[in-house]
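Trainee: Submitted below is the structure of interest, expressed as structure tokens.
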Amino acid sequence: MSDAGEEKDEEDVEETEPEDEGPDDRPALKSTIAALVRQLAVLHASSNVVLKTLGSSKVYKCRREVVATWSPPFETLMKETAEETEVQIDAPPELLEDALGFMLQGRLPSLQSDQSGKEERRHSLLSFADRWQLEDLKSTYGEMMMGRERLSAQNAASYLQLGLKHSVANISLAAADILAKSIDVKSGAVAHVITLDAACMQAILASDELHVEDEAESLELIQRWAAVDKQQRLHDVPGLLAQVRLSLCSFQCLIDLVSNLSKDPWQEVDAKRLSSKVRKVVDEKLAAVTSDRMRHFTKLPDPEQEQKLAAMLHASKSLYAV
């Protein structure tokens, strides 16, 4: 009886437990990191190269084979200094300590608040990691930064600029998604993004979070961005246009685009290449429409659909005549 009662109690507990939000991978991740640190400690115990920098007496004993796996630049450095037992790294002592602390032991420097005066140092660490292509350090540091301050439409622009500057993929992608989701071309809610540079705009246009009712709105967004400074921005328009999903544009939108390549802001676009790409899109769209009609050939044609198809064919002929 008591066993049955205990089982019933356990069932009751299970029923009242909050909904599981998914497995917590943190303990497993910590165990994995700890195991890697122990393995590295064994490797470093038989070190055969010392890393150091000017202005500091501190040295870092490493195995040359391990350092070479960190990144292509470190691999090249180890090959070029194969006959040397001490290798000097061109970096401020504190940056080298932070970077090697992570690479050798998985230890990260604590993030300082913006008011602490350490913002410049944080960017310097990312710059060092970018220069030496330490992708794990950049990615982990990016996660720490986003964990410290939640991304929002208000701070996403600065995060996007930082991520692109230092090639921090997770920051760039997350910030671009936030900004893309905040855009509403139809209502004119674009002022917060059209002041950004071309690299930022390209990341935003490439985001899957850019929800537009008609892909033509992406073209309008590019036009508004270019209008801010036509003289400086027109040469960046082709790169932005490459992010537009032409297959989702209407036939008339495609015709208008190709017909206006001599006007602002499309003058820098390769007209021949774009026209060829648009014609391919039109052919694929027409083939899809024709295939759909063939599957329903036993039904009487819908007059409205017939009119739409006729308009599409007319638009296609106009396109090919451009």
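Just so we're aligned: 93 in the numbering used here is position 45 of the sequence shown, and the numbers increase by one with no gaps anywhere.
Backbone N, C-alpha and C define an ideal beta-carbon position, used for all residues, glycine too.
Using 10 angstroms around the beta-carbon of Val285, count the other beta-carbons present and answer buried if the total reaches 16, otherwise exposed.
Mentor: The count along the sequence shown starts at 1 and reaches residue 285 at position 237. Burial call: buried.
Trainee: Can you tell which of Pro313, Lys78 and Cys297 has its C-alpha closest to the C-alpha of Lys325?
Mentor: For the purposes of this step, residue 325 is taken as residue 277 along the sequence shown, with counting starting at 1. Of Pro313, Lys78 and Cys297, the residue nearest in Cα terms is Cys297.
Trainee: Compute the Euclidean distance between the alpha carbons of Ile226 and Gly154, then round it to the nearest angstrom.
Mentor: What you label residue 226 is simply residue 178 of the sequence shown in a count that begins at 1. What you label residue 154 is simply residue 106 of the sequence shown in a count that begins at 1. If I take the Cα positions, the gap works out to 30 angstroms.
Trainee: Note the first and the last residue of the continuous beta strand (DSSP E) segment covering Leu309.
Mentor: Taking the sequence shown and counting its residues from 1, one reaches residue 309 at position 261. Careful: Leu309 lies outside any beta strand (DSSP E) and carries neither H nor E.
Trainee: Do Val241 and Ser255 have their CB atoms nearer than 9 angstroms?
Mentor: By one-based count along the sequence shown, residue 241 stands at place 193. By one-based count along the sequence shown, residue 255 stands at place 207. Result no, Cβ atoms of Val241 and Ser255 do not sit closer than 9 angstroms.
Trainee: Mind the definition here: the segment 212-224 touches the segment 183-199 only if three or more C-beta pairs lie below 8 angstroms; say whether that holds.
Mentor: yes
Trainee: Mind checking which residues open and close the alpha helix (DSSP H) that includes Cys297?
Mentor: Taking the sequence shown and counting its residues from 1, one reaches residue 297 at position 249. From DSSP, Cys297 is part of no alpha helix (DSSP H); its letter is neither H nor E.
Trainee: Have a look at Leu313 and Leu125 and give me their C-alpha separation to the nearest angstrom.
Mentor: For this step, residue 313 is matched to residue 265 along the sequence shown. For this step, residue 125 is matched to residue 77 along the sequence shown. Strictly speaking, residue 313 in this sequence is Pro, with Leu absent from that position. Their backbone Cα atoms lie some 46 angstroms apart in a straight line.
Trainee: Relative to the C-alpha of Arg272, which residue among Pro141, Val238 and Asp304 is closest?
Mentor: As a first step, residue 272 must be located in the sequence shown, where it is residue number 224. Closest option to Arg272, Cα to Cα, is Val238.
Trainee: Pull up the distance between the alpha-carbon of Lys320 and that of Asp184, whole angstroms please.
Mentor: Counted from its first residue, the sequence shown places residue 320 at position 272. Counted from its first residue, the sequence shown places residue 184 at position 136. The straight-line gap from Cα to Cα measures roughly 42 angstroms.
Trainee: May I have the straight-line CA-CA distance separating Gln121 from Arg111, to the nearest angstrom?
Mentor: Here the question's residue 121 lines up with position 73 in the sequence shown. Here the question's residue 111 lines up with position 63 in the sequence shown. It should be noted that the sequence gives Pro, not Gln, for residue 121. Spanning the two alpha carbons is a distance of roughly 16 angstroms.
Trainee: When you compare only the Cα positions, how much space is there between Thr101 and Gln291?
Mentor: As a working mapping, residue 101 is identified with position 53 in the sequence shown. As a working mapping, residue 291 is identified with position 243 in the sequence shown. Those two C-alpha atoms are separated by around 43 angstroms.
Trainee: Where does Leu84 land, buried or exposed, given buried means 16+ other C-beta within 10 angstroms?
Mentor: Residue mapping note: residue 84 aligns to position 36 of the sequence shown, counting from 1. It is exposed - the Cβ of Leu84 has fewer than 16 other Cβ atoms within 10 Å.
Trainee: According to DSSP, which residues form a beta bridge with Leu99?
Mentor: Taking the sequence shown and counting its residues from 1, the one referred to as residue 99 is at position 51. Tyr108 and Val135.
Trainee: Quick one: what's got a C-beta closer than 7 angstroms to Ser104's C-beta in the same chain, skipping five residues either side?
Mentor: Counting from one through the sequence shown, the residue named residue 104 turns up at place 56. Once the five neighbours on either side are set aside, the close Cβ partners of Ser104 are Pro141.
Trainee: Using alpha carbons as the reference points, say which of Glu191, Val216 and Met192 lies closest to Arg371.
Mentor: The structure shown does not extend to residue 371, since the chain spans only 49 to 370, so no value can be given for it.
Trainee: Would you report the Cα separation of Met151 and Trp118, rounded to the nearest angstrom?
Mentor: Numbered from 1 along the sequence shown, position 103 holds the residue referred to as residue 151. Numbered from 1 along the sequence shown, position 70 holds the residue referred to as residue 118. Near 8 angstroms, if we compare the C-alpha coordinates of Trp118 and Met151.
Trainee: Are the beta-carbon atoms of Asn96 and Thr133 separated by less than 9 angstroms?
Mentor: As a working note, residue 96 is residue 48 in the sequence shown. As a working note, residue 133 is residue 85 in the sequence shown. Yes, these two residues count as a Cβ contact at 9 angstroms.
Trainee: Kindly indicate which three-state DSSP category Glu183 falls into: helix, strand or coil?
Mentor: Looking up residue 183 in the sequence shown gives position 135. Three-state DSSP puts Glu183 in a helix.
Trainee: With DSSP run on the structure shown, which of helix, strand or coil describes Ala237?
Mentor: To locate residue 237, count along the sequence shown from 1; it is residue 189. DSSP places Ala237 in strand when its eight states are reduced to three.
Trainee: Determine the burial state of Val107: buried for a count of at least 16 other Cβ atoms within 10 Å of its Cβ, exposed for fewer.
Mentor: Locating residue 107 in the sequence shown gives position 59, where the first residue counts as 1. The residue in question, Val107, is exposed, as its Cβ has fewer than 16 Cβ neighbours within 10 Å.
Trainee: Classify Asp245 as helix, strand or coil using the three-state DSSP reduction.
Mentor: The residue you call residue 245 lines up with position 197 of the sequence shown. If DSSP states are grouped into helix, strand and coil, Asp245 belongs with coil.
Trainee: Figure out for me which residue from Leu99, Leu173, Val317 and Arg327 has the closest Cα to the Cα of Leu288.
Mentor: By 1-based counting over the sequence shown, the position of residue 288 is 240. Of the listed residues, the one whose Cα sits closest to Leu288 is Val317.
Trainee: Note down the Cα distance separating Lys311 from Leu143, rounded to an integer number of angstroms.
Mentor: Within the sequence shown, the letter at position 263 stands for residue 311. Within the sequence shown, the letter at position 95 stands for residue 143. Looking at the two C-alpha atoms, the distance is approximately 50 angstroms.
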